[in-house]
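Worksheet for the structure shown next.
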Amino acid sequence: MRSSTFRRSRRSRRLVAYAATAALATSLLAACSSDDEGGSAGDGKITLNVGTFGVLGLKQAGLYDEYEKSHPNITIKENVIERNDAYYPKLLTQLQSGAGVNDVAAIEVSNITEVVQTQGAKFEDLGKAEGVEKSTYLDWKWEQATTEDGKTIGLGVDIGPTALCYRKDLFEKAGLPTDREKLAKEWAGDWDKYVALGKKYMEKAPKGTKFVDSASSVYNAVFAGATERYYDKSGKEIYEDSQGRKDAWDAAMKVAQGDMSAKLKQFDPTWDQGFANAKFATVACPAWMAGYIQEKTGPEGKGQWDMAKAPADGNWGGTFLGVPSAGKHKKEATELAVWLTQPEQLAKVFAKQASFPSTPSAYDTLKPSAATKAYFNDAPITEIFAEIAKNTPSAVYGIKDAQIGQSITDIGVLQVEQQGKSPDEGWEAAQKEIKDVLGQ
Amino acid sequence: MSDTAEYAETASPGKGDAAPAATGSKTSRTPSPWRSRLYRWDIKASPYVFVAPFFLFFGAFGLFPLLYTGWASLHRLELTNLDDSTWLGLDNYTNLLQSDYFWNALGNTFTIGVISTVPQLAIALGIAHLLNYKLRGSTLWRVAMLAPYATSVASASLVFTLLFAWDGGMVNWLIGSVGIDPVNWRESSWGSQFAVSSIVIWRWTGYNALIYLAAMQAVPHDLYESAALDGASRWQQFRHVTIPMLRPTILFTVVVSTIGATQLFGEPLLFGGTAGSKGGADHQFQTLGLYLYDQGWINGHLGRASAVAWLMLVILLLIAAVNMLIARRLRKDR
Numbered sequence: 001m002r003s004s005t006f007r008r009s010r011r012s013r014r015l016v017a018y019a020a021t022a023a024l025a026t027s028l029l030a031a032c033s034s035d036d037e038g039g040s041a042g043d044g045k046i047t048l049n050v051g052t053f054g055v056l057g058l059k060q061a062g063l064y065d066e067y068e069k070s071h072p073n074i075t076i077k078e079n080v081i082e083r084n085d086a087y088y089p090k091l092l093t094q095l096q097s098g099a100g101v102n103d104v105a106a107i108e109v110s111n112i113t114e115v116v117q118t119q120g121a122k123f124e125d126l127g128k129a130e131g132v133e134k135s136t137y138l139d140w141k142w143e144q145a146t147t148e149d150g151k152t153i154g155l156g157v158d159i160g161p162t163a164l165c166y167r168k169d170l171f172e173k174a175g176l177p178t179d180r181e182k183l184a185k186e187w188a189g190d191w192d193k194y195v196a197l198g199k200k201y202m203e204k205a206p207k208g209t210k211f212v213d214s215a216s217s218v219y220n221a222v223f224a225g226a227t228e229r230y231y232d233k234s235g236k237e238i239y240e241d242s243q244g245r246k247d248a249w250d251a252a253m254k255v256a257q258g259d260m261s262a263k264l265k266q267f268d269p270t271w272d273q274g275f276a277n278a279k280f281a282t283v284a285c286p287a288w289m290a291g292y293i294q295e296k297t298g299p300e301g302k303g304q305w306d307m308a309k310a311p312a313d314g315n316w317g318g319t320f321l322g323v324p325s326a327g328k329h330k331k332e333a334t335e336l337a338v339w340l341t342q343p344e345q346l347a348k349v350f351a352k353q354a355s356f357p358s359t360p361s362a363y364d365t366l367k368p369s370a371a372t373k374a375y376f377n378d379a380p381i382t383e384i385f386a387e388i389a390k391n392t393p394s395a396v397y398g399i400k401d402a403q404i405g406q407s408i409t410d411i412g413v414l415q416v417e418q419q420g421k422s423p424d425e426g427w428e429a430a431q432k433e434i435k436d437v438l439g440q
Numbered sequence: 001m002s003d004t005a006e007y008a009e010t011a012s013p014g015k016g017d018a019a020p021a022a023t024g025s026k027t028s029r030t031p032s033p034w035r036s037r038l039y040r041w042d043i044k045a046s047p048y049v050f051v052a053p054f055f056l057f058f059g060a061f062g063l064f065p066l067l068y069t070g071w072a073s074l075h076r077l078e079l080t081n082l083d084d085s086t087w088l089g090l091d092n093y094t095n096l097l098q099s100d101y102f103w104n105a106l107g108n109t110f111t112i113g114v115i116s117t118v119p120q121l122a123i124a125l126g127i128a129h130l131l132n133y134k135l136r137g138s139t140l141w142r143v144a145m146l147a148p149y150a151t152s153v154a155s156a157s158l159v160f161t162l163l164f165a166w167d168g169g170m171v172n173w174l175i176g177s178v179g180i181d182p183v184n185w186r187e188s189s190w191g192s193q194f195a196v197s198s199i200v201i202w203r204w205t206g207y208n209a210l211i212y213l214a215a216m217q218a219v220p221h222d223l224y225e226s227a228a229l230d231g232a233s234r235w236q237q238f239r240h241v242t243i244p245m246l247r248p249t250i251l252f253t254v255v256v257s258t259i260g261a262t263q264l265f266g267e268p269l270l271f272g273g274t275a276g277s278k279g280g281a282d283h284q285f286q287t288l289g290l291y292l293y294d295q296g297w298i299n300g301h302l303g304r305a306s307a308v309a310w311l312m313l314v315i316l317l318l319i320a321a322v323n324m325l326i327a328r329r330l331r332k333d334r
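Chains as they are written, first to last, in the numbering used here: chain A, 1 to 440; chain B, 1 to 334.
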């Protein structure tokens, strides 16, 4: 008797084991495919995923909450990846496989040409979407996201009109003028004048501070105003002889060799600390940087930071919103993307985050929040950025702009600034890196 | 018949009371031939069924990627267009072997591997030896040893990045207090490699120490007693009793650490901060893992990245072969 129960229990145990194995296998396989459900439940409620990098400001401005309130069947989930150099490869992978794509995806301006040229077929044509008026957006912003056959795959969110932000308190201690108009006039039209002011600053620099955060910051600011960038109109690389590149490089070299920079690497934790500890007096200030400065310098910086027009007008950075065709809810996603990029909404993002809208019709109504204005010592933020945006020269973007720029700042400039190499050595290293990037 | 007898035996692992009961059932009814065939089949097949899931998953997530990577390494394959590939033959490999960046990465991987693995295992051995003594609160110490290992690479690397910051970092502050000039840890070539190694050492020493400790506790106590009777000091006991007894364990940790060092990725990537995949402005701490990532995901050349992956595999196989030779030598020596 005992033996038979023993045997039965043994067999049943084995059965349980088989069942468990099978269940494990199927559940694992099911887990692999559960991506497909995309959050749609039986009650008609859907979840829209918005993929972004860094702080885009849409969420911070309360736009998602507002949209969810007027569309009770929709829940919005923002998937943020801190940095674009990690976000962008992921976006490409998702587009290639068609799996796990966000319903709405942000695209950085330095990647937009590559996306337009190689991924155009994988996005919805937002130019034809209901409620989209081409005339609402800046012409050049619209063109950047439009394929050769006239398909617009991304709607402009923000642009990066670039001013200079400076610490009034440090300028004062170094015996420099602190009035924004006076400063702007002093260096107007010529980055060399800005560098000359840097020399003056360094003569009486408050202890432990430098004139600028990094040489790369100067490189990016000067390059932002370049008409000739890394590519010509036909898409050929011209970074070696490009005037814009040369000017930016030369300015960065002067700063690096003049020992005027705090030698911080932008977007590193130590750079953030540099803001908090007031280690530098100026930083290139595209509109989106204004929000960053407030966040990283913290309450102590209130009223200490000010903002002046840079020697030349330019655009550094900016974002688009696209709707990948592989998404589960293309119709709803398109509606959301269109709504988010309307002038009224972008004006709200500006108020909260100072990210500057790519829709000029909003410019008259733009008001920074009282906090932002006070933070920058009541600088006329809107007027400064709007004027720069209007005067920004139209620029040709190329397919590997992001990687070429990164090679120049993170290899070339940094070798001179931090490793003490000569500008020639730095440029040679950058060129070698670019060749590797382009697969030459 | 022998089947059932065997069954009875296996059914009662070491239990004397089940055996007579089983023989009782044997006399009461004989199983049908169909049953016994089914049973034999069961014995033979079920182990395979049990191990099958592993092999299925290995096929899907191990073997297939390996083969696909091999295929990709022979093509020009770009991240921006995976549907379009052109046959290149061995071009990716010859390009790599001519690339300064590849050799630089290989060299860095080797030097960082050595300066992280050797001290790490030496310290681990020492710590394990100390922990092997009777200590008050020994469990606490042992758990504490494992704490760094339980910390994520990301948070550990972030903390170390701040410690090694050249301006305002704690390390420079410390060496500054004894009058040494601050070092730009990230941008100097030996400094950055030392900093990356220190993260690896910090994270893995305790883990290895616990493995050594486990092995030490299996060393028969009488060996120490007789050594002590012969007048051996503690250091002599360590050298002449502990180390020889631990040889297989040490070899194991060497193999595992070498594999880990060859694949080193997270620590240097995060230590590098923005654009960490470059491994510093002069690629001074770019490891093979970082180089692979940079080629594939930053530059978008998946074909080339796949070739790097395969070369890494070849290197690991070479290392394994060398390890095996050394192991055999050690065994002969004994």
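Even for Gly, the Cβ is constructed at its ideal location relative to N, Cα and C. Note that this is a predicted model, so its numbers are computed, not measured.
Exercise. Is the beta carbon of F211/A less than 9 Å from the beta carbon of V255/A?
Worked result: Contact flag set, yes.
Problem set entry | Reduced DSSP category for I381/A - H, G, I as helix; E, B as strand; rest coil | Three-state result, I381/A: helix.
For this session: Count the other C-beta atoms from every protein chain shown that fall within 10 angstroms of the C-beta of M289/A, then say buried if there are 16 or more, exposed otherwise.
Result: So M289/A ends up on the buried side.
Exercise. Where does A31/A sit, in a helix, a strand or coil, going by DSSP?
Worked result: Caution applies to A31/A, whose pLDDT of 47 falls short of 50 and renders its modelled position unreliable; the model cannot decide the point.
Exercise. Where E133/A and S197/B are concerned, what is the direct C-alpha to C-alpha distance, given to the nearest angstrom?
Worked result: When rounded, the distance between both Cα atoms is 56 Å.
For this session: Kindly list, in the order they appear in chain A, the residues whose Cβ is closer than 9 Å to that of Y101/B.
Result: The contacting residues are K432, E433 and D436.
Problem set entry | Residues near T146/A by beta carbon distance below 8 Å, same chain, minus five either side | The beta carbon of T146/A is closer than 8 Å to those of V116, G127, T152 and I153 in its chain, skipping five residues each way along the sequence.
Exercise. At a CB-CB cut-off below 8 Å, which residues of chain B make contact with A429/A?
Worked result: Result: A281 and D282.
Exercise. Which bits of chain A does G168/B rub up against, with CB to CB less than 8 Å?
Worked result: T270, Q273 and N277, listed in chain order.
Exercise. Is the Cβ-Cβ distance between V109/A and T319/A less than 9 Å?
Worked result: Against a cut-off of 9 Å, the Cβ pair of T319/A and V109/A comes out as a contact.
Problem set entry | Terminal residues of the alpha helix (DSSP H) in which G51/A lies | Run containing G51/A: none in the alpha helix (DSSP H); it sits in the beta strand (DSSP E), I46 to F53.
Problem set entry | Pairwise C-alpha distance: G57/A and N49/A | Taking the straight line joining both Cα atoms gives about 16 Å.
Exercise. Quick one, are the C-beta atoms of T242/B and Q266/A less than 9 Å apart?
Worked result: Cβ atoms of T242/B and Q266/A: not closer than 9 Å.
Exercise. Can you list, in chain order, the residues of the stretch 96-129 of chain A whose Cβ is nearer than 9 Å to any Cβ on chain B?
Worked result: Of all residues in the stretch 96-129 of chain A, Q96, S97, E114, V115, Q117, T118 and Q119 have a Cβ within less than 9 Å of some Cβ in chain B.
Exercise. Under the rule that 16 or more other beta-carbon atoms within 10 Å means buried, what is G420/A, buried or exposed?
Worked result: Exposed, because fewer than 16 other Cβ atoms sit within 10 Å of the Cβ of G420/A.
For this session: Go ahead and pull the three-state DSSP assignment for K329/A.
Result: Strictly speaking, residue 329/A in this sequence is His, with Lys absent from that position. Residue state, collapsed to three classes: coil.
Exercise. Roughly how many whole angstroms lie between the Cα atoms of Y231/A and A370/A?
Worked result: Roughly 41 Å separates the two Cα atoms.
Exercise. Three-state secondary structure (DSSP) at G24/B?
Worked result: The predicted model places G24/B with a pLDDT of 44, which falls under 50 and marks its position as unreliable; any figure quoted below should be read in that light. Helix, per DSSP.
Exercise. Mind checking whether E124/A and K367/A have CB atoms under 9 Å apart?
Worked result: No, they are not a contact pair.
For this session: Please confirm if L183/A has its CB atom under 9 Å from at least one CB of chain B.
Result: So, not an interface residue.
Problem set entry | Contacting positions in the stretch 250-276 of chain B - beta carbon closer than 7 Å to chain A | Hits within the stretch, in order: G273, T274 and A275.
For this session: Can you check DSSP and say which residues form a bridge with W87/B?
Result: W87/B pairs with H75/B.
For this session: State the Cα-Cα distance for the pair S226/B and M245/B, rounded to the nearest angstrom.
Result: Between S226/B and M245/B, the C-alpha separation is close to 15 Å.
For this session: Within its chain, find whatever has a CB closer than 6 Å to the CB of K372/A; leave out the 5 residues flanking it on each side and keep chain order.
Result: Rather than Lys, the amino acid found at residue 372/A in this sequence is Thr. Contacts found: A354.
Problem set entry | Residues of the stretch 76-94 of chain A with Cβ closer than 8 Å to any Cβ of chain B, in chain order | For the stretch 76-94 of chain A, which is checked against every Cβ of chain B, the residues closer than 8 Å are R83, D85, P89, L92 and T93.
Exercise. By DSSP, does I153/A sit in helix, in strand, or in coil?
Worked result: Assignment of I153/A by DSSP, reduced to helix, strand and coil, places it in the coil class.
Exercise. Can you give the Cα-Cα distance for P357/A and T409/A, rounded to whole angstroms?
Worked result: Using only the alpha carbons, I get a separation of about 27 Å.
For this session: Please list the residues of the stretch 291-314 of chain A that have a C-beta atom closer than 9 Å to any C-beta atom in chain B, keeping them in chain order.
Result: Against chain B - using a Cβ distance shorter than 9 Å - the stretch 291-314 of chain A contributes no residues.
Exercise. Could you give the C-beta distance for T80/B and G266/B, rounded to a whole number, given that I count them as a contact under 8 Å?
Worked result: Contact annotation, T80/B with G266/B: C-beta distance approximately 26 Å; criterion of less than 8 Å not satisfied.
Exercise. What residues are listed by DSSP as bridge partners for G77/A?
Worked result: A small fix is needed here, since residue 77/A is Lys in this sequence, not Gly. N49/A, per the DSSP bridge assignment.
Exercise. Would a C-beta distance cut-off of 9 Å place T334/A and C165/A closer than the cut-off?
Worked result: For T334/A and C165/A, no; Cβs fall outside 9 Å.
For this session: Let me know if S40/A comes out buried or exposed under the rule of 16 or more other beta-carbons within 10 Å of its beta-carbon.
Result: Caution is warranted here: a pLDDT of 48 is assigned to S40/A, below 50, making its placement in the model unreliable, and the coordinate value is therefore given only provisionally. By the neighbour-count definition (other C-beta atoms within 10 Å, threshold 16), S40/A is an exposed residue.
Problem set entry | Best match in D213/A, A205/A, P89/A and Q257/A for proximity to A284/A [C-alpha to C-alpha] | Taking only the C-alpha atoms, the option nearest A284/A is D213/A.
Problem set entry | CA-to-CA distance, F61/B to V195/A, given in whole angstroms | One alpha carbon belongs to V195/A, the other to F61/B, and they sit about 55 Å apart.
For this session: Measure the alpha-carbon distance for A215/A versus F57/B and round it to whole angstroms.
Result: Answer to the nearest angstrom: the Cα atoms are 50 Å apart.
Problem set entry | E108/A, enclosing alpha helix (DSSP H) - first and last residue | Taken as a continuous stretch (DSSP letters only), E108/A belongs to no alpha helix (DSSP H), being part of the beta strand (DSSP E) at V104 to E108.
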